[in-house]
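Student: I have a structure here, written as structure tokens, and I will follow up with some questions on it.
Residue numbers (this note's numbering): 318 to 496.
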């Protein structure tokens, strides 16, 4: 059976047989098969981390997924919440790579389902957001992290966190000329 969670397991097969006239069962040799389900998930963006971004600037996020296990993965679900202080760019969700990839954009998140994702396969899952304009003086952080999991994983695998900064600083001066 395919594995439905990250990890590994052994499948052991051993038979017993009896030959007419023998008082006890005999056993065959054990045959052991090892299954391992694993994947890596790394996030990046086209804007350098920890740099300042402007209102209305577009950020492209890329998730790099690799089947690093020893079996084909099915129903691998990757989900990424749209970061606070940004808006999803309509129809910007795309993907490249192996296996069957089904992208989906919903309110507040984007997701992909990967099936028939063979050992060593790699996929790039991409989407864009537009940064909201900063309307008050100050600084804020835009942080984004994705996660992935197989159907029976209790805890999802999370990516690194990508952070950007936004700042507004201004000074108001009033001058007058006598007169």
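Quick reminder that beta carbons are idealized off the backbone N, C-alpha and C, glycines included.
Using the beta-carbon count (16 or more within 10 Å), is residue 332 buried or exposed?
Tutor: It counts as exposed.
Student: Spatial neighbours of residue 477 within its chain, please: CB distance less than 6 angstroms, with the 5 preceding and 5 following residues excluded, ordered by chain position.
Tutor: The residues are 360.
Student: Run the CB neighbour count on residue 413, radius 10 Å, all protein chains shown included, and call it buried at 16 or more, exposed below.
Tutor: Looking at its Cβ environment, which holds fewer than 16 other Cβ atoms inside 10 Å, residue 413 is exposed.
Student: Under a three-way DSSP split, which group does residue 467 fall into?
Tutor: In the structure shown, residue 467 sits in coil (DSSP, three-state: anything other than H, G, I, E or B).
Student: Name the DSSP beta bridge partners of residue 430, please?
Tutor: 394 and 419.
Student: Looking at the structure shown, is residue 259 part of a helix, part of a strand, or coil, going by DSSP?
Tutor: Outside the modelled stretch of the chain, which goes from 318 to 496, sits residue 259, for which no answer is possible.
Student: Please classify residue 479: does DSSP put it in a helix, a strand, or coil?
Tutor: Note: residue 479 maps to strand in three-state DSSP.
Student: Return helix, strand or coil for residue 389, following the three-state DSSP convention.
Tutor: Note: residue 389 maps to coil in three-state DSSP.
Student: For residue 463 versus residue 397, is the C-beta distance shorter than 8 angstroms?
Tutor: Yes, the pair counts as a contact, with Cβ atoms nearer than the cut-off.
Student: Quick one: residues in its chain with C-beta nearer than 8 angstroms to the C-beta of residue 444, no 5 flanking neighbours on either side, listed in chain order?
Tutor: Counting only Cβ-Cβ distances below 8 angstroms, and skipping sequence neighbours, we find 377, 378, 397, 405, 406, 409, 410, 411, 422 and 427.
Student: Once you ignore the five residues that flank residue 483 on each side, which residues in its own chain have a CB closer than 6 angstroms to its CB?
Tutor: The residues are 370, 451 and 457.
Student: What distance in whole Å lies between the Cβ atoms of residue 399 and residue 442, which are believed to be in contact at a cut-off of 8 angstroms?
Tutor: About 14 angstroms; that fails the 8 angstroms criterion.
Student: Please name the residue or residues paired with residue 301 in a DSSP beta bridge.
Tutor: Here the chain covers residues 318 to 496 and nothing more, so residue 301 does not appear.
Student: Assuming residue 358 and residue 390 are in contact, meaning their beta carbons sit under 8 angstroms apart, how far apart are those beta carbons, in whole angstroms?
Tutor: That pair is no contact at about 12 angstroms.
Student: For residue 373, which residues in the same chain have their Cβ closer than 7 angstroms to its Cβ, ignoring the five residues on either side in sequence?
Tutor: 447, 448 and 450, listed in sequence order.
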